[in-house]
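Quick note: the sequence shown uses the working numbering, first residue 47, plus one each step.
Glycine residues also receive a C-beta, built at the ideal position from the N, C-alpha and C atoms.
Reading through the structure tokens given below for one structure.
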Amino acid sequence: MTKIITIANKKGGVGKTTTTFHLACTLAMKGLKTCMIDTDYNQANLSQCFFNDEELPKDHLGEVILERIEIEDAVYQVRENLWLVPINDSNGEEVETRWNSVRMREFLLKKKIDRIKKNFDVILIDTPPTNTLVQDNALMAANGFIIVVKPSYFSNRGLDKMLRSAEQSLEENPDLEFLGILFNEYNQRQKGNYKRKQLDIIRNSGNPVFDTILRVDVRLDQGAAEKKSIHDYPVGEGENGKADFLSIYDEIKEKIG
Ligand SMILES: Nc1ncnc2c1ncn2[C@@H]1O[C@H](COP(=O)(O)OP(=O)(O)OP(=O)(O)O)[C@@H](O)[C@H]1O
Ligand SMILES: [Mg+2]
């Protein structure tokens, strides 16, 4: 069965897109047929990891939502074993209006993804920080989700909000499984201080938490800009990022079989 994993958090800038990008590249590198779906029609950051602005495809998820094309026409192979359904932020308002007005609007993304899921081992859905309808859609379409958090006070508050919303999705979608909370940008040098405390609060909250902590690595940021996976950098560059994503891969592989 295709594992469809939504990368979520209602808080912005915590690393959802960075995680989706480098995790998808890692899954593909390991031989899994992987497809990424970019649902963030206001930012299109994941699509920008593969296409320059002027190259963003005209046939994209927004056009699928507008019923102008089928989703099959918006699937692009971007690397070996890796595909992307991009989004173009040029007609975000039109897409939003349409998405809000269709029948069974919470299930629109699921309906579309169901048509292509048989082609892939794993589908990763990157979500926007603010759009509840798109976030709900992504959780209805998925059978697993990961919440990416930065260990900080505000991030923990955002996490509470996200967890409440996810609880409802877990009730409404019996296939959905909470794979875990993934800590991002944890600075080891700050161990033992305030950040460590925020981390412990989450670890003791009773929710599933990944053992892997994604450290700060400038190559993760640079990779998005240079359209390079963390694994494309030569030995000696991005070593923390490479190790952390291989470690997340191992944990995910164990959870999804
Ligand atoms: N572990 C990390 N090391 C270094 N830079 C990181 C790391 N994680 C994320 N970043 C950088 O932090 C910024 C925010 O990350 P990203 O865009 O992935 O967050 P997001 O949750 O998708 O944001 P939004 O909610 O706006 O979609 C980016 O510039 C990204 O490259
Ligand atoms: Mg993002």
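Endpoints, beta strand (DSSP E) assigned at residue i
| i | result |
| --- | --- |
| E152 | E152 -> no beta strand (DSSP E), and no H or E assigned at all. |
| L112 | From DSSP, L112 is part of no beta strand (DSSP E); its letter is neither H nor E. |
| L170 | V168 to D172 |
| D246 | Element bounds for D246: not the beta strand (DSSP E) but the alpha helix (DSSP H), Y240 to R249. |
| F97 | Looking at the DSSP string, F97 is not in any beta strand (DSSP E), and its letter there is neither H nor E. |
| V180 | Looking at the DSSP string, V180 is not in any beta strand (DSSP E); the run it does join, the alpha helix (DSSP H), is T178 to A187. |
| T52 | K49 to A54 |
Continuous alpha helix (DSSP H) stretch holding residue i: start and end
| i | result |
| --- | --- |
| N230 | Element bounds for N230: not the alpha helix (DSSP H) but the beta strand (DSSP E), F224 to Y232. |
| G269 | V264 to E272 |
| I302 | E285 to I302 |
| Y199 | Y199 to E218 |
| R144 | G138 to S147 |
| L73 | K62 to M75 |
Beta-carbon proximity of residue i to residue j, cut-off 8 Å
| i | j | result |
| --- | --- | --- |
| V262 | N55 | no |
| T52 | L179 | no |
| G204 | K57 | yes |
| N253 | I227 | yes |
| I133 | A70 | no |
Residue i Cβ short of 7 Å to ligand 1 heavy atom set
| i | result |
| --- | --- |
| E231 | yes |
| L266 | yes |
| V262 | yes |
| P175 | yes |
Residue burial classification, residue i (beta-carbon count within 10 angstroms, cutoff 16)
| i | result |
| --- | --- |
| Q123 | exposed |
| A271 | exposed |
| S93 | buried |
| S275 | buried |
| M82 | buried |
| K241 | buried |
Euclidean distance between Cα positions of residue i and residue j
| i | j | result |
| --- | --- | --- |
| Q181 | T173 | 6 Å |
| V39 | Q214 | The question about residue 39 has no answer here: the residues shown for the chain are numbered 47 through 303. |
| E116 | V168 | 20 Å |
| F200 | N177 | 19 Å |
| K157 | A187 | 8 Å |
| L128 | D160 | 18 Å |
| P280 | I302 | 30 Å |
| L245 | S251 | 10 Å |
| N189 | P220 | 8 Å |
| F153 | D119 | 20 Å |
| N327 | K273 | The displayed coordinates of the chain run from 47 to 303. Any statement about residue 327 would go beyond what the structure contains. |
Contact test: residue i Cβ vs ligand 2 heavy atom, cutoff 7 Å
| i | result |
| --- | --- |
| Q181 | no |
| Q89 | yes |
| K79 | no |
| D86 | yes |
| T143 | no |
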